[in-house]
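Enquirer: Take this structure first; my questions come after.
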Amino acid sequence: MEIVFLAFILMLSIFLGFELINKVPATLHTPLMSGSNAISGITLVGALTSAGAEHTVLATVLGTIAVAMATINVIGGYMVTDRMLAMFKKG
């Protein structure tokens, strides 16, 4: 029964996210990207905490992988945001 509940939550979140993204005007996409980059920064802090907790070797390896992925996500997000802001500059 739990898997059905989790699948329902996943489907609901996918549908809700799709509907919300489609309703956002183009002028608000850049501020939303900056907000999602801040959330990714929080994820990076959590990954660093997990990697440095010294519980087990597996936890440290998974934490290190999470740090690498979160870092790529944050850097890529800021690069996309910078490129989008450059599109709005005149001259």
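Mapping the sequence shown onto my numbering, position 26 (from 1) lands on 25, and the numbers just tick up by one. Ideal placement from N, C-alpha and C gives every residue a C-beta, glycine not left out.
Are the CB atoms of Ala65 and Ala46 within a distance shorter than 8 Å?
Expert: By 1-based counting over the sequence shown, the position of residue 46 is 47. By 1-based counting over the sequence shown, the position of residue 65 is 66. In this structure, Ala65 lies closer than 8 Å to Ala46 by Cβ.
Enquirer: In its own chain, which residues sit with a C-beta less than 8 Å from the C-beta of Phe7, not counting the 5 before and 5 after it?
Expert: Numbered from 1 along the sequence shown, position 8 holds the residue referred to as residue 7. Once the five neighbours on either side are set aside, Phe7 has no close Cβ partner at all.
Enquirer: In three-state DSSP terms, what is Gly51?
Expert: Sequence index remark: in the sequence shown, residue 51 carries index 52 (1-based). Coil at Gly51, not helix or strand.
Enquirer: Take Ile93 as the anchor and find which of Thr26, Phe14, Met32, Ser12 has the nearest alpha-carbon.
Expert: Beyond the ends of the chain as shown, which are 0 and 90, falls residue 93; an answer cannot be given.
Enquirer: I'd like to know if Phe17 contacts chain D, where contact means its C-beta is closer than 8 Å to some C-beta of that chain.
Expert: No chain D is present in this structure, which holds just one protein chain.
Enquirer: Mark Ala69 as exposed unless 16 or more other C-beta atoms lie within 10 angstroms of its C-beta, in which case mark it buried.
Expert: Translated into the one-based positions of the sequence shown, residue 69 becomes position 70. Under this definition Ala69 is a buried residue.
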